[in-house]
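K.L.:
Below you'll find the structure I mean.
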Amino acid sequence: MTPLLPEADRKTLLPPLAETGWAAVPGQDAIRKVWKFRSFSEAWGFMSRAALAAEKLNHHPEWKNVYNVVDVTLTTHDCHGLSQLDIDLARRMDKLAPEAEIERNHGEPVSCLCELRSRKA
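Using the numbering used here, the letters of the sequence shown correspond one by one to residues 151 to 271.
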């Protein structure tokens, strides 16, 4: 089973992802990012490249696409929360679409995910 991301790693790995537009999903141990592309074709191309990256990691996102918008949530179902796989896939996805517009008001600050697991313990 894939282990949950430890608290120390959350504090060091999540803030850089927040800078690129990833945010905490309210009520879940998950991160989310929303990309807006110039066209459906660009959005689909991003999703195709992201799918190949996900296959290589054997870790697949929850996502939806409406025209030129791609909305991605990452969590690891195996451990019921964030794992290193989510961090790795988020980083790879960020590299695939540097030209896309990022929606930044779609979640909570990632800092809340640093305390989420410690409150449940």
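Virtual Cβ for every residue (Gly too), placed ideally from N, Cα, C.
Looking at S233 and T226, is the spacing between their C-beta atoms short of 7 angstroms?
P.N.:
The answer is yes: Cβ separation under 7 angstroms.
K.L.:
Look up R182 in the DSSP assignment and say whether it is helix, strand or coil.
P.N.:
Three-state result, R182: strand.
K.L.:
Looking only at its chain, what residues have a beta carbon closer than 6 angstroms to the beta carbon of T247, apart from the 5 residues adjacent to it on each side?
P.N.:
Just to set this straight, residue 247 is Ala in the shown sequence, not Thr. Correct list, in chain order: W185 and F196.
K.L.:
Kindly indicate the opening and closing residues of the alpha helix (DSSP H) around L239.
P.N.:
From DSSP, the alpha helix (DSSP H) with L239 extends over Q234 to L246.
K.L.:
Below 8 angstroms on the Cβ atoms is my guess for L235 versus P211; work out the distance and round it to an integer in Å.
P.N.:
Between P211 and L235 the Cβ distance is about 10 angstroms, and since that is not below 8 angstroms, they are no contact.
K.L.:
Within its chain, find whatever has a CB closer than 8 angstroms to the CB of R199; leave out the 5 residues flanking it on each side and keep chain order.
P.N.:
Only L246 meet the Cβ criterion.
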